[in-house]
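The listed protein sequences derive, respectively, from chains A and B. Adding 15 to a residue's 1-based position in the first sequence gives its number in this note's numbering. Adding 15 to a residue's 1-based position in the second sequence gives its number in this note's numbering. All residues carry an ideal CB built from backbone N, CA and C; glycine is no exception.
There are 2 protein chains.
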Amino acid sequence: MAGRPRSEASRRAILRAALDLCERDGYQNVTLKGIAQAAGTGRQTVYRWWPTKAEVMLEALTVFVEAPTGSEDLRTFLLETFRLSGGAVGGVVVGLMADAQSDEAFAVHMRGFIDSRRQALRAVLVRTLSADVDLELAVDMVFGAMWYRLMNRHAPVDESLADEVTTMLARLSS
Amino acid sequence: MAGRPRSEASRRAILRAALDLCERDGYQNVTLKGIAQAAGTGRQTVYRWWPTKAEVMLEALTVFVEAPTGSEDLRTFLLETFRLSGGAVGGVVVGLMADAQSDEAFAVHMRGFIDSRRQALRAVLVRTLSADVDLELAVDMVFGAMWYRLMNRHAPVDESLADEVTTMLARLSS
DNA sequence: CATAAATCGAGACATTGTGTCTTGTAAAGT
DNA sequence: ACTTTACAAGACACAATGTCTCGATTTATG
């Protein structure tokens, strides 16, 4: 009761092609057909292992992009996080968040991804803020500001945002 | 050099049908074909005046939903805003934000909509916060937290959020 | 009143992406 | 050998988008 094993080469080729096409054409213009073609694989091979483009991208992110380590310093943590989000990866995660709005099954996985990042920030903030500050709300406001800017594009997500957020939070404990 | 004037009845029927279908089926499941059909109008009549579903919805919001007035009290302002965003309107604006990620022309209009709300909050915050607090960042963090919760759905946008944000901001000026 | 201009509702049409299905081949265990 | 599963390639039905055509309607102009 066993057949041909899953091709690890095809899997990596698909995940790699997904990210590459994303960077070249933008998340919204990437199609599953395009991913399969760029990866030199059949379309069914993609559909067999992932239900949607978003799921492919999410796995590609976790495989090829390492998340910022849990730095102890808030400013450093935010610098790493915002540097990553402001670049090509930012375009992907924004597309994923947009797709999550029309795909509840994927939204669940997206929340898992988001939650891991929330935990990392929470671990930093718990050492930075006073004990009587609402930690969950602080996480919402920091990452909220980041996502808000990523999606609405009224201001960049960059080093200066990390500085400003850091000084803003410092005021809470004075 | 004048022809038949635009039918105001059709315009209102389309905007009304757009919101009604949104509430019944959810933003993502609404199609332009469905809107035209529900409004009892031809499809071309919709396309003649709006390029996309998102533009129809945005106009429908501004016509049928009145924005919270610029209350002087921060907590009251947030209560009104969050009560609106937490209901059926929240589902629409989230859908619009998602669509804006794949339609740059609409994203420009969306930023205009967002910016009017930012100005309203800014007007309240400038009377609430100390003069040396970064006002733009404060707006980003407050509305950011709201949008973050609306899109990721890890926590509700309700009265308690308004309370928590109000007390959090009060700490900045102590 | 006659004509030009622009709208109206209705629906055909091509295009594109999704997701399923089929075909013939390849690689594993039994 | 035989079964099972994956593979690449591509046909297929389906749904939504956006353009186009059609005949009819409603306005301003001469």
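query = Taking the alpha carbon of residue 30 of chain B as the point to measure from, which residue in B:148, B:79, B:67 has its own alpha carbon closest?
reply = B:79
message = Do residue 188 of chain B and residue 157 of chain B count as a contact pair if the criterion is CB distance below 9 angstroms?
response = no
task = Look up residue 64 of chain A in the DSSP assignment and say whether it is helix, strand or coil.
result = helix
query = Along the chain, which unbroken stretches of the alpha helix (DSSP H) at least 4 residues long are found entirely within the stretch 85 to 113 of chain A?
reply = 89 to 101
ask   = Mind checking residue 138 of chain A: buried by the 16 CB within 10 Å criterion, or exposed?
value = exposed
inquiry  = Taking its Cβ as the centre, do 16 or more other Cβ atoms sit within 10 Å of residue 44 of chain A, making it buried, or is it exposed?
reply    = exposed
inquiry  = Give me the chain A residues within the contact set of residue 34 of chain B, using Cβ-Cβ distance strictly less than 8 angstroms, ordered along the chain.
reply    = Chain A residues near residue 34 of chain B: none, gap ~18 angstroms exceeds 8 angstroms.
request  = Taking only beta carbons into account, state which residues of the stretch 132 to 161 of chain A come closer than 8 angstroms to chain B, listed in chain order.
outcome  = 133, 148, 149, 151, 152, 153, 155, 156, 157, 158, 159, 160, 161
request  = Inspect the CB distances between the stretch 92 to 110 of chain B and the stretch 161 to 177 of chain B and report whether three or more fall short of 8 angstroms.
outcome  = yes
key: Spatial neighbours of residue 178 of chain A in its chain, beta-carbon cut-off 8 angstroms, leaving aside the 5 residues before and after   = 90
Host alpha helix (DSSP H) of residue 175 of chain B (start-end) = 174 to 187
task = Could you tell me whether any Cβ in chain B is nearer than 9 angstroms to the Cβ of residue 88 of chain A?
result = no
query = How would you call residue 192 of chain A, buried or exposed, if buried means at least 16 neighbouring beta carbons within 10 angstroms?
reply = This structure cannot speak to residue 192 of chain A, because chain A is shown only from 16 to 189.
query = According to a CB-to-CB cut-off of less than 7 angstroms, which residues of the stretch 50 to 70 of chain A neighbour chain B?
reply = none
request  = State the start and end residues of the unbroken alpha helix (DSSP H) segment that holds residue 124 of chain B.
outcome  = 119 to 143
query = So which residues on chain B does residue 130 of chain A lean against when the C-beta distance must stay under 8 angstroms?
reply = 169
key: Residue span of the alpha helix (DSSP H) that contains residue 154 of chain B, given as start and end   = 150 to 167
query = Can you tell me whether residue 62 of chain A is buried or exposed, with buried defined as 16 or more other CB within 10 angstroms of its CB?
reply = exposed
task = Determine the closest residue to residue 86 of chain B out of B:38, B:153, B:140, B:165, with distance taken between C-alpha atoms.
result = B:140
key: Close Cβ partners of residue 145 of chain B (< 6 angstroms) along its chain, the five nearest in sequence each way excluded   = 188
key: Interface residues of chain B facing residue 185 of chain A [CB-CB closer than 7 angstroms]   = The premise fails here: residue 185 of chain A is roughly 10 angstroms from chain B at the closest Cβ pair, so nothing lies under 7 angstroms.
ask   = What first and last residue would you give for the alpha helix (DSSP H) that runs through residue 25 of chain B?
value = 23 to 40
key: Distance between residue 161 of chain A and residue 125 of chain B (C-alpha atoms, nearest Å)   = 18 angstroms
ask   = From residue 38 of chain A to residue 73 of chain A, what does the alpha carbon distance come to, in whole angstroms?
value = 14 angstroms
query = Using a Cβ-Cβ distance under 9 angstroms, would residue 179 of chain B count as near chain A?
reply = yes
query = Between B:35, B:167, B:116, which lies nearest to residue 76 of chain B when the distance is taken from Cα to Cα?
reply = B:35
Distance between residue 112 of chain A and residue 154 of chain A (C-alpha atoms, nearest Å) = 18 angstroms
query = Where do the ends of the alpha helix (DSSP H) carrying residue 55 of chain A lie?
reply = It is not in any alpha helix (DSSP H) - residue 55 of chain A carries neither H nor E in the DSSP assignment.
Residue 66 of chain A versus residue 42 of chain B - alpha carbon distance = 22 angstroms
query = Of the residues that make up the stretch 104 to 118 of chain A, which ones have a beta carbon closer than 7 angstroms to any beta carbon in chain B?
reply = 109, 110, 112, 113, 116, 117
query = Going along chain A, which residues have a C-beta under 8 angstroms from residue 31 of chain B?
reply = Residues of chain A passing the Cβ test: none, with the nearest at roughly 23 angstroms.
task = Assign residue 43 of chain B to one of three DSSP states: helix, strand, or coil.
result = helix
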